[in-house]
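Chains as they are written, first to last, in the working numbering: chain H, 218 to 547; chain V, 218 to 547.
Here is the structure:
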């Protein structure tokens with residue numbers, strides 16, 4: 218019997234918090250703050266079902282799934298500092314609850330504990346070395362994508378094309394969200410991942426990130442982050458890039474003037490104006506269509522492959538989760 | 218023939234920079250900035266000679282030495298951000314050369330590349346799994362020590378004893394500076410490190426950090442950091458703790474008032490006054506004696522053991538480096 222998504226989430230949560238236990242309660246609270254807020258556990262779920270679908274043990278799959286959740290948590294702590302974000306999962310960002318240096322250091326500690334978990338799994342004979350190599354790729358790709366994203370915002374780059382966005386997001390989000398879980402599934406079972414996992418995973422992951430950008434403008438109360446936070450932070454989203462390419466010259470000038478201001482200096486009324494223009498101009502709708510197009514292309518290639526995997530029930534869960542990537546509300 | 222310290226440093230430097238090569242030249246410059254500044258390569262040298270002394274191969278020893286140097290470099294990037302430091306190795310701190318978010322992210326990238334190097338060594342059969350487990354201990358201990366150090370400064374703690382300092386520094390600096398290189402030497406050769414390495418290494422590492430604090434007040438032109446930067450940053454050094462414990466009440470009150478101010482608000486004349494008091498009160502001299510006492514105790518226990526190791530020439534280099542830890546000028 219394959220465990221249900223709720224059972225997997227509970228098991229991941231228990232491992233995450235257990236692995237971050239520390240004899241200093243104040244320090245433990247800092248390390249466990251983001252993981253204890255829950256979250257979708259999407260990447261962990263994907264890893265577990267991908268592992269089971271390929272025939273890996275539940276133990277190995279949960280181990281690697283918990284490690285990818287640890288990855289997600291330390292990256293969020295550092296991203297929130299880098300972006301000057303206010304909220305995370307419906308509560309203040311870690312560096313708003315604690316002085317920034319303590320939050321930064323807690324992110325490093327979680328990064329170290331992610332590797333600690335992987336090395337424990339290696340020493341116990343549960344995780345093969347290629348699983349650790351995959352986590353190195355995850356860190357490497359994500360850090361480079363984050364570099365591009367930050368660089369564009371901090372240097373005021375406004376001459377970007379959708380192709381630039383796809384390349385940045387492939388590194389920053391798509392690899393760890395969709396490619397790595399699929400590849401880890403095969404690696405956990407001692408198999409070589411087919412190149413299809415990277416090709417289709419990148420498309421799916423990019424689609425997921427586009428929908429993330431859409432939710433930042435259209436989210437409801439289930440959305441745990443600051444609405445329109447991307448506009449305050451000056452994120453170069455596909456929506457914004459499309460809008461700037463299509464806007465009449467005076468609108469584009471007005472939008473660019475706003476985007477050049479630092480977060481604190483952005484007038485709320487101007488942010489609201491740009492927000493409305495992104496929606497009314499059709500840029501949001503266009504981006505949603507792009508996300509759907511990419512996701513369908515990926516799923517059309519992936520599903521026949523997933524249906525051949527030995528763990529049929531787990532493969533069904535995996536397929537459902539991958540399909541839901543672009544139908545998210547939070 | 219055992220390679221000379223200069224040959225080892227050159228080999229470590231080549232590996233460090235080579236491992237941080239990237240197809241994006243701007244990104245590569247960011248990643249290589251601290252490693253390209255050189256530095257003492259002290260931890261790398263210790264690992265290499267410890268490995269050779271225990272009978273490990275030069276290749277494995279250089280591999281682990283380069284990884285510990287990568288550790289040192291990412292930690293320095295993040296420490297400099299956390300401490301608001303101005304300089305590193307005689308040049309501006311990374312977050313003064315680049316926007317802070319890019320520097321923070323580069324630190325994460327280097328952390329990931331440290332693990333990448335270790336995993337490559339594992340997959341090539343050069344590094345055994347316990348070497349990776351030791352690096353996890355290094356990250357875990359250092360992050361907790363850094364947490365305590367930051368917490369004390371940020372929360373304005375002034376009621377600290379020398380015992381508190383020893384405990385914090387054991388985690389923050391001593392483990393990775395002296396314990397880990399000794400233990401890695403044994404682990405690289407497939408041996409179980411004796412408990413002596415942790416006991417003596419902690420004492421030596423604490424002595425090293427005390428002398429680091431001394432140099433911040435007494436350094437000459439070879440010292441690559443901002444002189445008295447620790448006073449501006451409000452570091453709870455052994456010197457400061459001793460001074461506060463021994464100072465007459467009105468001096469203590471004046472010093473505490475200064476230490477409560479944020480860095481930017483500290484009047485230069487007051488910093489200079491405290492600096493002179495630390496030297497004139499004998500607190501610096503007392504701390505130096507503590508460092509010597511700890512180092513001698515550690516070396517008295519270690520040297521007979523090191524003299525028994527199979528790699529005699531490497532063990533001599535190791536002994537010389539360990540002895541020099543408390544005789545440093547930079």
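The C-beta atom is built at its ideal place from N, Cα and C for all residues, glycine as well.
It should be emphasised that the depicted structure is a prediction, and the values quoted were computed from it without experimental measurement.
Short CB-CB distance (under 8 Å) between residue i and chain V
i             : result
residue 375/H : no
residue 400/H : no
residue 298/H : yes
Proximity test, Cβ basis, 8 Å: residue i and chain H
i             : result
residue 336/V : yes
residue 528/V : no
residue 407/V : no
residue 368/V : yes
residue 534/V : no
residue 353/V : yes
Partner residues on chain H for residue i, Cβ-Cβ distance less than 8 Å
i             : result
residue 244/V : 361, 364
residue 322/V : 295, 299, 360, 363, 364, 367
Under 7 Å by beta carbon: chain H residues contacting residue i
i             : result
residue 316/V : 371
Residue i at chain B interface by Cβ criterion, 8 Å
i             : result
residue 310/V : Among the chains of the structure shown, chain B does not appear; the protein chains present are H and V.
Backbone secondary structure at residue i - three-state DSSP
i             : result
residue 309/H : strand
residue 303/H : coil
residue 501/H : helix
residue 244/H : helix
residue 409/H : coil
residue 525/H : coil
residue 317/V : helix
residue 385/V : helix
residue 470/H : helix
residue 278/H : helix
residue 252/H : helix
residue 398/H : helix
CA-to-CA distance, residue j to residue i, given in whole angstroms
i             : j             : result
residue 228/V : residue 260/H : 39 Å
residue 470/H : residue 301/H : 25 Å
residue 428/V : residue 350/H : 39 Å
residue 480/H : residue 272/V : 57 Å
residue 508/H : residue 489/H : 24 Å
residue 363/H : residue 460/V : 45 Å
residue 267/H : residue 274/H : 11 Å
residue 572/V : residue 538/V : Given a span of 218 to 547 for chain V in the structure shown, any question on residue 572/V remains unanswerable.
residue 522/H : residue 414/H : 10 Å
residue 333/V : residue 534/V : 29 Å
residue 236/H : residue 286/H : 12 Å
residue 385/V : residue 392/V : 11 Å
residue 475/H : residue 433/H : 18 Å
residue 368/V : residue 295/V : 15 Å
residue 307/V : residue 540/H : 53 Å
residue 544/V : residue 265/V : 21 Å
residue 284/H : residue 491/H : 39 Å
residue 483/H : residue 357/H : 33 Å
Exposed unless 16 or more other CB atoms sit within 10 angstroms - verdict on residue i
i             : result
residue 411/H : exposed
residue 517/V : exposed
residue 400/V : buried
residue 250/V : buried
residue 278/V : buried
residue 289/H : buried
residue 525/H : exposed
residue 394/H : buried
residue 370/V : buried
residue 398/V : buried
residue 317/H : buried
residue 497/V : exposed
residue 320/V : buried
Proximal residues of chain V, C-beta to C-beta of residue i below 8 Å
i             : result
residue 346/H : 336, 339, 340
residue 211/H : Past the edges of chain H, shown from 218 to 547, lies residue 211/H, and the structure says nothing about it.
residue 357/H : 326, 329, 330, 333
Amino acids of chain V, ordered along the chain, whose beta-carbon sits closer than 7 Å to that of residue i
i             : result
residue 388/H : Residues of chain V passing the Cβ test: none, with the nearest at roughly 10 Å.
Closer than 9 Å at the beta carbon, the chain H residues around residue i
i             : result
residue 319/V : 299, 364, 367, 368, 371
residue 349/V : 332, 335, 336, 339, 340, 349
Distance cut-off 7 Å: residue i Cβ against heavy atoms of the ligand ADP
i             : result
residue 315/H : This structure does not include the ligand ADP; it has no bound ligands of any sort.
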